[in-house]
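Remarks on the structure that follows.
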Ligand SMILES: *Cc1c(COP(=O)(O)O)cnc(C)c1O
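Residue numbers (my numbering): 506 to 937.
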């Protein structure tokens, strides 16, 4: 398998170059050169299988021959070591059977654990044992930092540098990456998430090869493992569900991009919903054809406060820039904080299910899309544990949200943070 840049100005790379490099030399994002669809029998053979089994079956097709056999089993065992239950909700009026895929039972209590943990173990498998130490540079608006810190704190020969917008990450989320030990450096940037993201891309462009990479979803090694749970969701739906609608709460659009790859493999998704909060650059593009990145607006679903989603370039590449084709497969919706709060309250009142604001945006997206495309089996991706955002959730539902023990323990851990200006020179000092 070779990986091509979305900018098309560098030759295709192998898996090791793509994962350890992060960004392509021309500034583009890597994608697999070809996505070979599964034969119908191969797809059906995955019905009812576990997430690790699905990963083992599909990884060779997505990643190529660089990791196979025992090495691949080792990666899958280390990375996908938590459940991802598909929970059925009681049907609301006008909706088809509705499911929530809970992707938040990993160590950082967010779906990002899937991609990041897989990538951490993949990097270990791909590196030469005697290689120079590797720095994983990551921008986070909340959840990526925790997933990266928890995945890399014990990976030998690697350290993580995590950039986050100062004062804009809720405390528990922040503590997941500011208390993770000496292997993880947390840098508070005086600016927005988009500033953090820009700094990462600049540092990657300037770094000598092999020393610096990124754990943001611009890294193809993190993007592709997310394909597995779309297949898993389909494989665990009741029989005869028909084509699916899958609603993806989106910020940087790595998750949705992985969904599109899953569909190309053959998962019968009739429609994706690109559900955003008011940071709606992609829904606006789908509607008008104009992609106008803007500074991010803060919301209660802060992990989706992205004004300039980096994976948009991958979506454009996958659809060859054809908006009509994209619109045939992706519906864009955007939702206010007020609507998210109301959805959380309503679902709790109706059936006692507790969700947090990102998942609420996905559920709202599903409802909105159902109104225009009709009743279908729907899956909303639940991307964060409600306890992780309990300061927001508890007042809405008027009930306590118990804190899992691993999150409770963070409250007493000592935080280590360095503050930097939103300039490359300031970051370079940390990296040196
Ligand atoms: C990161 C994140 C998202 C957005 O995912 P993208 O792949 O960036 O679109 C949604 N929900 C939660 C909880 C997240 O942490």
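Glycine residues also receive a C-beta, built at the ideal position from the N, C-alpha and C atoms. All values derive from a computational prediction rather than experimental measurement.
C-beta atoms of residue 986 and residue 787 nearer than 9 Å: The displayed coordinates of the chain run from 506 to 937. Any statement about residue 986 would go beyond what the structure contains.
Extent of the continuous alpha helix (DSSP H) to which residue 653 belongs: For the purposes of this step, residue 653 is taken as residue 148 along the chain shown, with counting starting at 1. 648–657 is the span of the alpha helix (DSSP H), which, as asked, contains residue 653.
Whole-number beta carbon distance between residue 660 and residue 645, since they are thought to touch under 8 Å: Residue numbering aside, residue 645 sits at position 140 when the chain shown is read from its first letter. Residue numbering aside, residue 660 sits at position 155 when the chain shown is read from its first letter. Residue 645 to residue 660, Cβ: 18 Å. No contact.
Counted within 10 angstroms of its Cβ, other Cβ atoms place residue 592 as buried (16 or more) or exposed: By one-based count along the chain shown, residue 592 stands at place 87. With fewer than 16 Cβ atoms within 10 Å of its Cβ, residue 592 is classed as exposed.
For residue 713, the nearest candidate out of 624, 749, 844, 528 (CA to CA): Position 208 of the chain shown, counting from 1, holds the residue named residue 713. Taking only the C-alpha atoms, the option nearest residue 713 is 528.
Contact check, residue 571 vs residue 619, beta carbons under 9 Å: Residue 571 sits at position 66 when you count from the first residue of the chain shown. Residue 619 sits at position 114 when you count from the first residue of the chain shown. Cβ distance not < 9 Å, so residue 571 and residue 619 don't count as in contact.
Assumed close pair residue 697, residue 670 - CB separation to whole angstroms, cut-off 8 Å: In the chain shown, counting from the first residue as 1, residue 697 sits at position 192. In the chain shown, counting from the first residue as 1, residue 670 sits at position 165. With 8 Å as the limit, residue 697 and residue 670 qualify as a contact, their Cβ atoms being about 5 Å apart.
Which of helix, strand or coil DSSP assigns to residue 734: For the purposes of this step, residue 734 is taken as the residue at position 229 of the chain shown. Reduced to three states, the DSSP call for residue 734 is helix.
Residue 819 versus residue 534: straight-line alpha-carbon distance, rounded: In the chain shown, counting from the first residue as 1, residue 819 sits at position 314. In the chain shown, counting from the first residue as 1, residue 534 sits at position 29. Cα-Cα distance, rounded: 7 Å.
Spatial distance of residue 937 from residue 700 (CA atoms): Counting from one through the chain shown, the residue named residue 937 turns up at place 432. Counting from one through the chain shown, the residue named residue 700 turns up at place 195. Going from the Cα of residue 937 to the Cα of residue 700 covers about 20 Å.
Validate contact between the region 823–831 and the region 874–883 using beta carbons, cut 8 Å, 3 pairs: no
Buried versus exposed, by CB contacts within 10 Å (16 or more), residue 718: In the chain shown, the residue the question calls residue 718 occupies position 213. With 16 or more other Cβ atoms within 10 Å, it is buried.
Nearest candidate by alpha-carbon position, reference residue 941, set 722, 599, 695: In the structure displayed, the chain extends from 506 to 937; residue 941 sits before or after that span and is not available.
Segment contact, 8 Å Cβ cut-off, at least three pairs: the region 755–763 with the region 789–800: no
Residue 915 beta carbon less than 9 Å from that of residue 677: Here residue 677 refers to the residue found at position 172 when the chain shown is read from its first residue. Here residue 915 refers to the residue found at position 410 when the chain shown is read from its first residue. Result yes, Cβ atoms of residue 677 and residue 915 sit closer than 9 Å.
Continuous beta strand (DSSP E) stretch holding residue 536: start and end: Stepping through the chain shown from its first residue, residue 536 is reached at position 31. Where residue 536 is concerned, the enclosing beta strand (DSSP E) stretches over 535–537.
Residue 609 (DSSP reduced to helix, strand or coil): Walking along the chain shown from the start, residue 609 turns up at place 104. Residue 609: coil per DSSP, three-state reduction.
Test item: CB-CB of residue 774 and residue 872 under 9 Å: Here residue 774 refers to the residue found at position 269 when the chain shown is read from its first residue. Here residue 872 refers to the residue found at position 367 when the chain shown is read from its first residue. Contact: no.
Same chain, Cβ closer than 7 Å to residue 573, five either side skipped, listed in chain order: In the chain shown, counting from the first residue as 1, residue 573 sits at position 68. 565.
Segment limits, beta strand (DSSP E) that includes residue 883: Mapped onto the chain shown, residue 883 falls at position 378. Its beta strand (DSSP E) spans residues 882–887.
For residue 922: DSSP bridge partner residues: Reading the chain shown from its first residue, position 417 is the one you call residue 922. Paired residues: 691.
Closest residue to residue 576 among 590, 586, 588, 561 (Cα-Cα distance): Walking along the chain shown from the start, residue 576 turns up at place 71. Checked all of 590, 586, 588, 561; the closest Cα to residue 576 is 561.
Alpha carbon of residue 690 to alpha carbon of residue 743, nearest angstrom: Residue 690 sits at position 185 when you count from the first residue of the chain shown. Residue 743 sits at position 238 when you count from the first residue of the chain shown. Between residue 690 and residue 743, the C-alpha separation is close to 45 Å.
Near ligand 1: residue 724 beta-carbon under 8 Å from a heavy atom: Along the chain shown, one-based indexing puts residue 724 at 219. It does not: the Cβ of residue 724 is nowhere closer than 8 Å to a heavy atom of ligand 1.
Simplified DSSP state of residue 774, which is helix, strand or coil: Sequence index remark: in the chain shown, residue 774 carries index 269 (1-based). Residue state, collapsed to three classes: strand.
Heavy atom of ligand 3 within 8 Å of residue 624 beta-carbon: Absent from the structure shown: ligand 3. Ligands present: ligand 1.
Range of the contiguous beta strand (DSSP E) that encloses residue 664: Taking the chain shown and counting its residues from 1, the one referred to as residue 664 is at position 159. From DSSP, the beta strand (DSSP E) with residue 664 extends over 663–670.
Span separating the alpha-carbon of residue 636 from that of residue 929: Looking up residue 636 in the chain shown gives position 131. Looking up residue 929 in the chain shown gives position 424. Their backbone Cα atoms lie some 26 Å apart in a straight line.
Residue 614 vs residue 912 beta-carbon contact at 9 Å: Start at 1 with the first residue of the chain shown, and residue 614 comes out as number 109. Start at 1 with the first residue of the chain shown, and residue 912 comes out as number 407. Contact flag set, yes.
Residue 714, enclosing beta strand (DSSP E) - first and last residue: Mapped onto the chain shown, residue 714 falls at position 209. Taken as a continuous stretch (DSSP letters only), residue 714 belongs to no beta strand (DSSP E), as it is neither H nor E.
Cross-strand partners of residue 837 (DSSP beta bridge): Here residue 837 is taken as the residue at index 332 of the chain shown, counted from 1. For residue 837, which the question treats as bridged, DSSP gives the partners 779.
Straight-line gap, residue 634 to residue 918 (C-alpha atoms, nearest Å): Position 129 of the chain shown holds residue 634. Position 413 of the chain shown holds residue 918. C-alpha separation (whole angstroms): 32 Å.
Residue 757 vs residue 803 beta-carbon contact at 9 Å: To locate residue 757, count along the chain shown from 1; it is residue 252. To locate residue 803, count along the chain shown from 1; it is residue 298. No, the pair does not count as a contact, with Cβ atoms beyond the cut-off.
CB of residue 512 within 9 Å of CB of residue 531, strictly: Against the chain shown, residue 512 aligns to sequence position 7. Against the chain shown, residue 531 aligns to sequence position 26. A contact, by the Cβ cut-off of 9 Å.
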